[in-house]
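Novice:
In UniProt numbering, the protein residues as written are 1 to 837.
This is the structure we're talking about:
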């Protein structure tokens with residue numbers, strides 16, 4: 001029932017997206033050209049786009065590719081292709097499918113295939129498929145999951161073709177996938193297009209004005225002879241030399257030291273892994289494989305020593321990096337994400353026959369395009385063999401079989417082998433691997449988990465790369481085991497500079513005194529002089545007035561607007577780690593801290609929303625800043641581990657979880673001070689109020705882009721852009737909250753970048769320093785998004801990224817930024833509260 005309900009919900013979403021999207025030919029010429037430029041499809045004609053049924057979905061600014069079943073043209077799903085421009089001008093594309101990708105089996109272009117068509121060009125992207133069709137007139141189809149997988153469920157649709165040309169892209173990975181897929185399709189009928197400078201992917205070839213028909217005609221047969229000359233190898237050799245990083249394989253995120261030595265994880269290799277009994281071999285290799293699986297490496301586990309439930313529990317704990325037993329309320333969230341990984345398990349347990357295991361592996365490669373198989377461990381393969389045969393000969397036979405499988409199936413095999421019995425105080429060597437030397441001879445890589453059993457302090461375990469056939473580099477590096485998360489990838493102390501989240505707080509300590517006098521001292525070094533201020537409490541006849549120093553005006557404003565009376569005289573000392581003028585709500589932090597302090601002296605009714613409003617009023621009247629309610633609201637009602645979605649009209653808030661331990665929020669201070677009391681911020685607010693009045697709305701919250709475009713002739717270009725930013729930002733905020741709820745951090749990051757670009761171009765409150773910081777952050781792999789924060793004209797940027805990318809991001813920003821930035825890692829925390837001393 002649950003699956004049926006989920007499918008019905010997905011179909012409603014499909015219909016909603018499809019009915020709300022429009023053909024590109026229905027867009028205004030200027031808008032259509034902008035869309036085509038963004039998605040690099042300027043050379044595709046409207047006729048081609050219409051022929052393939054491509055539409056544009058305005059709410060997310062995405063191209064929509066339909067999935068029509070067979071020839072009955074029933075809509076079964078959609079794929080959305082979105083584009084985001086990074087700070088350095090690069091465009092990054094993201095895909096989303098409904099239904100989810102595991103159930104999305106669309107051969108894009110299938111309804112256009114004739115029953116008598118005998119030849120087809122298979123591409124990795126929908127845009128490439130349309131390029132081939134337009135330029136050559138040949139039937140063309142796009143695979144639903146690109147180069148990662150060719151699901152067998154699609155093979156019957158390809159049986160009618162006598163010739164299948166695979167043109168999956170223009171890089172090494174596409175070329176490798178072409179060779180693997182040709183085995184499924186049949187080598188004799190498959191032809192391959194080798195990537196190169198003159199044979200890029202089809203859409204690029206079309207854009208460059210190349211002859212696509214000639215490129216297809218020059219494709220080479222997939223079938224090959226047993227003996228070749230260098231002439232046949234020449235292009236492959238050149239490809240490896242020209243694409244060194246791609247040839248090195250998939251990098252690890254959790255084990256950067258492995259990347260330094262092994263360079264990456266490559267298909268077709270055999271890795272032998274060993275370590276002492278009880279040292280954590282299975283636990284380590286579990287995280288080792290999980291890391292790769294999270295990078296899209298289709299993985300098959302053969303665990304014969306521990307059952308699949310226990311193994312899955314270990315991997316899920318490592319995936320979440322926390323003890324889920326203590327956080328069962330988060331189980332479904334993490335399980336949903338874990339379920340999306342391309343991860344599969346053999347159902348064997350205990351002693352198994354090698355032939356049965358190899359048949360299962362071969363079937364998995366065919367069915368799921370598995371590219372990494374883990375066997376734990378070899379000793380469980382030997383018990384089923386003929387006991388009269390020498391056990392070393394049996395082991396050599398099994399290792400040879402795995403070696404052959406890895407090579408022939410272009411699949412990486414990681415084989416765990418127990419070591420010989422060694423003394424506890426001796427390190428293992430390659431010769432320590434149980435059996436003859438064949439295991440280390442056949443292996444491309446030999447990894448040894450070293451353990452100093454007589455040592456109990458950190459550093460007792462290390463990983464040694466004893467063999468590396470790819471480039472010969474070997475080495476050893478320490479591991480630190482985290483028992484709570486069952487991970488070995490925790491950073492070793494002293495290696496990572498930004499391990500912990502730094503608290504950004506404002507603290508006030510004080511006491512009541514007799515009389516109507518107040519004395520306030522600030523210890524914040526960046527505050528203006530004087531640092532000690534005395535004033536009398538206000539009354540109806542003598543309200544508190546603004547004056548010098550500026551920092552004291554925020555305190556005076558809160559005292560003036562405090563909601564309970566009578567306030568006693570007091571002495572107070574203030575200290576704050578929130579950067580002043582950095583766009584991190586330092587003023588709201590001071591206001592709310594002051595209000596919370598007064599609540600201890602003279603309790604009010606405890607209305608949290610009214611507290612935030614009073615602090616906002618304080619900033620309006622005593623700091624002369626016409627700010628919104630957001631900063632004060634979140635300072636009062638903040639919730640640990642959550643972001644707040646605030647409705648500034650109804651003053652209601654929704655807590656959205658943001659506690660993924662694999663994420664980091666990096667604050668980068670440009671150290672360019674901003675000031676909101678000048679003309680720019682009030683001017684922006686006035687321009688938006690004017691726009692709302694012209695639109696006949698109380699505020700731009702009630703307006704739509706259609707309303708704005710209808711009134712465009714009545715607005716000057718500047719006011720139009722200001723209003724456009726606000727209206728789109730409201731929609732982006734709602735979309736961002738949904739993305740966070742789903743754990744879709746890529747979409748959230750895309751919206752962050754889109755927001756920054758609009759703040760820069762439409763609202764014009766950014767500055768070159770902030771743009772430079774955002775652009776530098778977006779160059780780093782693992783960064784989801786970055787934007788300026790606060791009122792602009794200086795201050796800070798906020799960047800959402802994967803934890804492993806933090807040091808790279810910091811280093812890249814330091815290299816690119818012309819100023820002297822400072823960095824903070826922060827986490828969502830509780831709102832203001834009293835401390836017990």
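Glycine residues also receive a C-beta, built at the ideal position from the N, C-alpha and C atoms.
Whose CA, out of 638, 222, 170 and 186, lies closest to the CA of residue 203?
Specialist: For the purposes of this step, residue 203 is identified with residue 203 of the chain shown, where counting begins at 1. Nearest option by C-alpha distance: 170.
Novice: Return the first residue and the last residue of the beta strand (DSSP E) that residue 372 is part of.
Specialist: As a first step, residue 372 must be located in the chain shown, where it is residue number 372. Taken as a continuous stretch (DSSP letters only), the beta strand (DSSP E) holding residue 372 covers 372 to 376.
Novice: According to the Cβ coordinates, are residue 91 and residue 80 closer than 8 Å?
Specialist: Translated into the one-based positions of the chain shown, residue 91 becomes position 91. Translated into the one-based positions of the chain shown, residue 80 becomes position 80. Not closer than 8 Å, so no.
Novice: Leaving out five residues on either side along the sequence, give the residues of the same chain with a beta carbon under 8 Å from the beta carbon of residue 432.
Specialist: The residue labelled residue 432 in the question sits at position 432 within the chain shown. Answer for residue 432: 274, 419, 420, 422 and 448, listed in chain order.
Novice: So if DSSP puts residue 250 in a beta bridge, which residue, or which two residues, is it bridged to?
Specialist: By one-based count along the chain shown, residue 250 stands at place 250. Partner(s): 265.
Novice: Would residue 405 and residue 358 be called neighbours here (beta carbons separated by less than 8 Å)?
Specialist: By 1-based counting over the chain shown, the position of residue 405 is 405. By 1-based counting over the chain shown, the position of residue 358 is 358. Yes.
Novice: Between the region 269 to 284 and the region 437 to 451, are three or more C-beta pairs nearer than 8 Å?
Specialist: Taking 8 Å as the limit for Cβ pairs, the verdict is that the region 437 to 451 does touch the region 269 to 284.
Novice: From residue 20 to residue 573, what does the alpha carbon distance come to, in whole angstroms?
Specialist: For the purposes of this step, residue 20 is taken as residue 20 along the chain shown, with counting starting at 1. For the purposes of this step, residue 573 is taken as residue 573 along the chain shown, with counting starting at 1. Taking the straight line from one Cα to the other gives about 57 Å.
Novice: Quick one: what's residue 180 bridged to in DSSP?
Specialist: If you number the chain shown from 1, residue 180 lands on position 180. According to DSSP, residue 180 bridges with nothing at all.
Novice: Excluding sequence positions up to five away, which residues of its chain have a Cβ less than 6 Å from the Cβ of residue 205?
Specialist: For the purposes of this step, residue 205 is taken as the residue at position 205 of the chain shown. Counting only Cβ-Cβ distances below 6 Å, and skipping sequence neighbours, we find 212.
Novice: Nearest to residue 701 by CA position, among 724, 220 and 758, is which residue?
Specialist: Position 701 of the chain shown, counting from 1, holds the residue named residue 701. The residue with the shortest Cα to Cα distance from residue 701 is 724.
Novice: Can you tell which of 623, 373, 25 and 109 has its C-alpha closest to the C-alpha of residue 271?
Specialist: Mapped onto the chain shown, residue 271 falls at position 271. When only C-alpha atoms are compared, the closest one is 373.
Novice: In terms of DSSP beta bridges, what is residue 536 paired with?
Specialist: As a first step, residue 536 must be located in the chain shown, where it is residue number 536. Answer is 517.
Novice: Could you tell me which residues DSSP pairs with residue 163 in its beta bridges?
Specialist: In the chain shown, residue 163 corresponds to position 163, counting from 1. Paired residues: 119.
Novice: What's the call for residue 50, buried or exposed, on a 16-neighbour Cβ count within 10 Å?
Specialist: Taking the chain shown and counting its residues from 1, one reaches residue 50 at position 50. The residue is exposed, with fewer than 16 neighbouring Cβ atoms inside 10 Å.
Novice: Just to confirm my understanding: we take residue 835, look at its own chain, exclude 5 residues before and 5 after, and list those with CB closer than 8 Å. What are they?
Specialist: Counted from its first residue, the chain shown places residue 835 at position 835. Answer for residue 835: 507, listed in chain order.
Novice: Does DSSP put residue 707 in a helix, in a strand, or in coil?
Specialist: For the purposes of this step, residue 707 is identified with residue 707 of the chain shown, where counting begins at 1. If DSSP states are grouped into helix, strand and coil, residue 707 belongs with the helices.
Novice: Which of helix, strand or coil does DSSP assign to residue 276?
Specialist: One-based indexing of the chain shown puts residue 276 at position 276. Residue 276 falls in the coil class under three-state DSSP.
Novice: On the premise that residue 765 lies in contact with residue 748, defined as a C-beta separation below 8 Å, what is that separation, rounded to the nearest angstrom?
Specialist: Counting from one through the chain shown, the residue named residue 748 turns up at place 748. Counting from one through the chain shown, the residue named residue 765 turns up at place 765. Residue 748 to residue 765, Cβ: 21 Å. No contact.
Novice: Over the uninterrupted alpha helix (DSSP H) stretch that includes residue 758, give me the two end residues.
Specialist: Walking along the chain shown from the start, residue 758 turns up at place 758. Per DSSP, residue 758 belongs to the alpha helix (DSSP H) from 745 to 761.
Novice: How long is the line joining the alpha carbons of residue 830 and residue 645, rounded to whole angstroms?
Specialist: Here the question's residue 830 lines up with position 830 in the chain shown. Here the question's residue 645 lines up with position 645 in the chain shown. Going by the C-alpha atoms only, they are around 15 Å apart.
Novice: Going by the C-beta, is residue 771 closer than 7 Å to any heavy atom of the ligand HEM?
Specialist: Absence of the ligand HEM from the depicted structure is noted, as is the absence of any ligand whatsoever, leaving it without description.
Novice: Should residue 482 be labelled buried (16 or more other beta-carbon atoms within 10 Å of its own) or exposed?
Specialist: Position 482 of the chain shown holds residue 482. Label assigned to residue 482: exposed.
Novice: Beta-carbon within less than 7 Å of residue 46's beta-carbon, same chain only, minus the 5 sequence neighbours each way: which residues are those?
Specialist: Along the chain shown, one-based indexing puts residue 46 at 46. Hits under 7 Å: 24 and 25.
Novice: If I'm right that residue 109 touches residue 174 with Cβ under 8 Å, what's the distance once you round it to whole angstroms?
Specialist: To locate residue 109, count along the chain shown from 1; it is residue 109. To locate residue 174, count along the chain shown from 1; it is residue 174. 18 Å between Cβ atoms; not a contact.
Novice: Kindly indicate the opening and closing residues of the beta strand (DSSP E) around residue 478.
Specialist: For the purposes of this step, residue 478 is taken as the residue at position 478 of the chain shown. Element bounds for residue 478: 475 to 479.
Novice: Determine the extent of the beta strand (DSSP E) in which residue 467 is found, giving its start and end residues.
Specialist: Mapped onto the chain shown, residue 467 falls at position 467. From DSSP, the beta strand (DSSP E) with residue 467 extends over 461 to 468.
Novice: Excluding the five sequence neighbours on either side, which residues of its own chain have a C-beta within less than 6 Å of the C-beta of residue 4, listed in chain order?
Specialist: Taking the first residue of the chain shown as position 1, residue 4 is located at position 4. So no residue of the chain qualifies.
Novice: May I have the straight-line CA-CA distance separating residue 9 from residue 180, to the nearest angstrom?
Specialist: As a first step, residue 9 is located in the chain shown; it is residue number 9 there, counting from the start. As a first step, residue 180 is located in the chain shown; it is residue number 180 there, counting from the start. Taking the straight line from one Cα to the other gives about 36 Å.
Novice: Just the C-alpha distance for residue 497 and residue 808, rounded to the nearest angstrom, thanks.
Specialist: Stepping through the chain shown from its first residue, residue 497 is reached at position 497. Stepping through the chain shown from its first residue, residue 808 is reached at position 808. Note that residue 497 scores a pLDDT of 30, beneath 50, so its modelled location is shaky and nothing firm can be said.
Novice: Please confirm if the region 300 to 316 is in contact with the region 469 to 476, defined as three or more CB-CB distances below 8 Å between the two stretches.
Specialist: At 8 Å Cβ cutoff, the stretches do not touch.
Novice: Straight-line CA distance for residue 717 to residue 686?
Specialist: Walking along the chain shown from the start, residue 717 turns up at place 717. Walking along the chain shown from the start, residue 686 turns up at place 686. Rounded to the nearest angstrom, the two C-alpha atoms are 15 Å apart.
Novice: What is the C-beta distance between residue 730 and residue 468, in whole angstroms, given that I count them as a contact (C-beta under 8 Å)?
Specialist: Here residue 730 is taken as the residue at index 730 of the chain shown, counted from 1. Here residue 468 is taken as the residue at index 468 of the chain shown, counted from 1. With a Cβ gap of about 54 Å, residue 730 and residue 468 do not count as contacting.
Novice: Do you know offhand how far residue 416's Cα is from residue 375's?
Specialist: Locating residue 416 in the chain shown gives position 416, where the first residue counts as 1. Locating residue 375 in the chain shown gives position 375, where the first residue counts as 1. Roughly 6 Å between the two C-alpha positions.
Novice: Kindly list the residues whose CB is nearer than 7 Å to the CB of residue 666, restricted to its own chain and excluding five residues on each side of it in sequence; keep chain order.
Specialist: Numbered from its first residue, the chain shown carries residue 666 at position 666. Answer for residue 666: 799, 801, 806, 809, 823 and 825, listed in chain order.
Novice: Give me the DSSP bridge partner(s) of residue 69.
Specialist: Here residue 69 refers to the residue found at position 69 of the chain shown. Answer is 74.
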